[in-house]
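These notes are about the structure you will find just below.
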Amino acid sequence: MAKKATARHILVNTEAQCNELKAAIEGGADFAEIARQHSGCPSGRDGGNLGSFGPGQMVKEFDVVVFSAPLNVVQGPVKTQFGYHLLEVTSRQD
1 MAKKATARHI LVNTEAQCNE LKAAIEGGAD FAEIARQHSG CPSGRDGGNL GSFGPGQMVK
61 EFDVVVFSAP LNVVQGPVKT QFGYHLLEVT SRQD
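Counting in the UniProt record's numbering, the sequence shown tops out at residue 94, every number present.
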């Protein structure tokens, strides 16, 4: 079976904001609610949900994290050409 993962993310413009939001989530704030309030990506409306995808379907910086990070642990800030992301891998099939 091909590798697949599901993940959600929050996209913001600055590393500082990314770190603030990560601290809020680690302090008990709801990831999906933070995504709806702060994410600059259209996926924010859906709690940051990116759905299911395989290697190479997202930017390289995403791929590295999504296919190596532990599940259900918020990762980031991850810098891409779009800005700074918090990423959470919700499932993965190797």
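A virtual CB, placed ideally from N, CA and C, is assigned to each residue, including glycine.
The segment 32-39 makes no contact with the segment 63-80, as fewer than three CB pairs between them are under 8 Å. Between residue 47 and residue 92, the C-beta spacing is not below 8 Å. When secondary structure is reduced to three states using DSSP, residue 3 falls in the coil class, being assigned neither helix nor strand.
Around the beta carbon of residue 2, a 10 Å sphere encloses fewer than 16 other beta carbons of the protein chains shown; the residue is thus reported as exposed.
Looking at 81, 17 and 26, the one whose alpha-carbon comes closest to that of residue 88 is 26. The shortest C-alpha to C-alpha distance from residue 21 to any of 86, 94 and 90 is the one to 86. Assignment of residue 59 by DSSP, reduced to helix, strand and coil, places it in the coil class. For a cut-off of 8 Å, the C-beta gap from residue 77 to residue 15 is around 5 Å, short enough to register as a contact.
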